[in-house]
Amino acid sequence: MNKYDSQQNQIIKRTMLLIVTLFLTVLVVSCKPKVDTGAIELINQAYEVLTLEFQEGDTMDSVTGDFRLPLFVSEYPDVALLWSSGAESIIKPQGLFAVINRPQEDTSVDLTATLSYKKETKDKIFSINVSGYTDYEFTGYYESLSGLLMDEFTVELSSMIKTKGRATGTTPQVKQIDNYEGQNYNIYTGFEAYGNREHVWPQSHLGVIKDDLHNLRAANSQVNSTRGNMFFVDNPLGGSWKVIGNGFYPGGRSYW
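Using this note's numbering, the letters of the sequence shown correspond one by one to residues 1285 to 1540.
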């Protein structure tokens, strides 16, 4: 092979390498997902106006109770929202609500809203301060509950109902307790005629003492029978009482 042929081969190799490089570059660029600028703009607009509304008296810096979570921004209904919490033991997204379990000390938790439209997403983080129970103390009958939280609180309260009460919850006493301005008020159903006594904590799950007046409420007999010994469950949609699966939803706060 002469010098001229060698130079020609080098030129051909370099040309082929350049062609392959250009082909691969075009292939990589064409495979990249296209950015949907319209979707991004819509998400950004929703991002700017997305806010949280707390119960009366609460603010972002001091949350004490459950609050509603929007599933979309009213001005931009096509943008979906998915909520997640940095500490579900304190703030747990559940349906339409953020369920609050107050800790012993004031605690900041990041609640994240993931906004999505088509294939585009964006996170908005709300840093929420949940107020603790540091300065709250029970007295009298409930003194033993002081300083207890969540599961410990539930266990102690259950024990109190089973052991501290007295068998004094008679029908006349229940009627007297649940009489408001001359009218009988039934748990779950509101103002109507007295039916019978309802054990808020089901009687079959109690110990020896079954008539503690703290655990008894006037009730509609049919609703009481429908509930049976089912434990309470939540209903994110609210409304009146109903059976949900193996549990019983007691109705909104207006019925308590």
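The beta carbon of each residue, even a glycine, is placed where N, CA and C say it ideally should be. None of the values given here were measured: they were computed from a predicted structure.
- Counting the other CB atoms within 10 Å of its CB gives G1322 a total below 16, which places it among the exposed residues.
- Using a 10 angstroms sphere on the CB of P1361, the tally of other CB atoms stays under 16, which defines it as exposed.
- As a beta-bridge residue in DSSP terms, G1531 pairs with I1528.
- The residue from D1435, H1489, D1496 and E1440 with its alpha-carbon nearest to that of S1373 is D1435.
- In the three-state reduction of the DSSP assignment, A1502 falls in the strand class, which pools E and B.
- In this structure, the CA atom of L1441 is about 7 Å from the CA atom of L1429.
- For I1384, the enclosing beta strand (DSSP E) stretches over residues F1381 to I1384.
- Look at G1370 here: in three-state DSSP terms it is coil, with no helix or strand label.
- One alpha carbon belongs to I1296, the other to D1320, and they sit about 41 Å apart.
- The alpha-carbon separation between D1345 and E1389 amounts to approximately 13 Å.
- Inclusion of Q1457 and L1497 in the CB contact set at 8 Å is warranted, their separation being smaller than that value.
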